[in-house]
DNA sequence: GTCAGTGCAAAGCTTTTGCAGCGCG
DNA sequence: CGCGCTGCAAAAGCTTTGCACTGAC
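Chains as they are written, first to last, in the working numbering: chain L, 1 to 142; chain B, 1 to 142.
Laid out in structure tokens, this is it:
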């Protein structure tokens, strides 16, 4: 099932009924492969002629976040980013401590360990973020 | 070597010379085992009669962050938290998507995989954060 | 004497909240 | 008809920046 559909269904199940604005945000998110900020989404939609309130973007992101349909990604530049939580395309991030640049790190080998460890705490995991801090190639050279 | 000393040394090496305020922030951080926010640090120091500017706290955190001496922790409530990056006491977090509560998850089994994967990207890792999102026991029951 | 760190105050930005309007059930 | 999503505008924080001051080299 495509992420958009799954998201819409889950949201509806949670009593949230996305309207026009919500649908646009959803579709825009689905088109992203890596993290985007709220303002970025808002600007992009506007640029395409879609009138969407910034507040609606935030509201939608909140709802999605609560259902674990998106993952928050904190790069360290003060802007909160989100990315669709797909089972496929599950990846992590290499975040440079100097320039705050982000690179994707494919693959993930923590799921099993994590799931078990979390459940031992009575916690039901629905996803996770893993950010590696360090220095990117460019900043090392500098 | 204690974290405070290592931090002070590293900072000095980076050309940053912590004064009275910096020292206080450093010591306060060292006394924490889990994440604290900037404002929290500021308030605590004030409460103990130490006059430290909020700006100094942020400046110190920035410097520490750039040297990877602290780890940013994003819980999802809009407040950026930091915790000292010690080799011992390396842990991760279980973050509830509903109530934003945080629990510690001891242990870490990703270092080896991570180090190698990161280096393949020309990235030099100095640390990492791993946040597990899901539902805490309390929110599941509700 | 110079230069970096500091505190205070003001500014900046992202994010949140309030409120009237509109559309879908 | 009612309830909830929407947009706009205003408000609320957290964080950053500017500036004069102080202390260390």
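Positions of the beta carbon are idealized from the N, C-alpha and C atoms, including for glycine. On a predicted model such as this, the values are computed, not experimentally measured, just so you know.
Cβ-Cβ distance between residue i and residue j below 8 Å
i	j	result
residue 51(L)	residue 134(B)	no
residue 65(B)	residue 76(L)	yes
residue 40(B)	residue 113(L)	no
residue 120(L)	residue 93(L)	no
residue 98(L)	residue 139(L)	yes
residue 83(L)	residue 95(L)	no
residue 111(L)	residue 33(L)	no
residue 7(L)	residue 26(L)	yes
residue 44(B)	residue 28(B)	yes
residue 53(B)	residue 20(B)	no
residue 117(B)	residue 107(L)	yes
residue 63(B)	residue 16(B)	yes
residue 122(L)	residue 137(B)	yes
Simplified DSSP assignment, three categories, for residue i
i	result
residue 86(B)	coil
residue 17(B)	coil
residue 145(B)	Residue coverage of chain B in this structure runs from 1 to 142, which leaves residue 145(B) outside it and unanswerable.
residue 51(L)	coil
residue 157(B)	Nothing about residue 157(B) can be reported from this structure: the residues present for chain B run from 1 to 142 only.
residue 59(L)	helix
residue 100(L)	coil
residue 91(B)	strand
residue 128(L)	strand
residue 143(L)	Any property of residue 143(L) remains undetermined from this structure, which presents chain L solely from 1 to 142.
residue 4(B)	helix
residue 106(B)	strand
residue 69(L)	coil
residue 115(B)	helix
Rounded Cβ spacing between residue i and residue j (contact assumed at less than 8 Å)
i	j	result
residue 91(B)	residue 69(B)	That pair is no contact at about 17 Å.
residue 10(L)	residue 71(L)	The pair is not a contact, with the Cβ atoms about 15 Å apart (cut-off 8 Å).
residue 57(L)	residue 38(L)	5 Å
Closer than 7 Å: residue i CB and nearest the ligand NAP heavy atom
i	result
residue 127(L)	Among the ligands in the structure shown, none appear at all, so the ligand NAP cannot be discussed.
Burial state of residue i (16 or more Cβ within 10 Å)
i	result
residue 46(L)	exposed
residue 48(B)	exposed
residue 55(B)	exposed
residue 81(B)	buried
residue 13(L)	exposed
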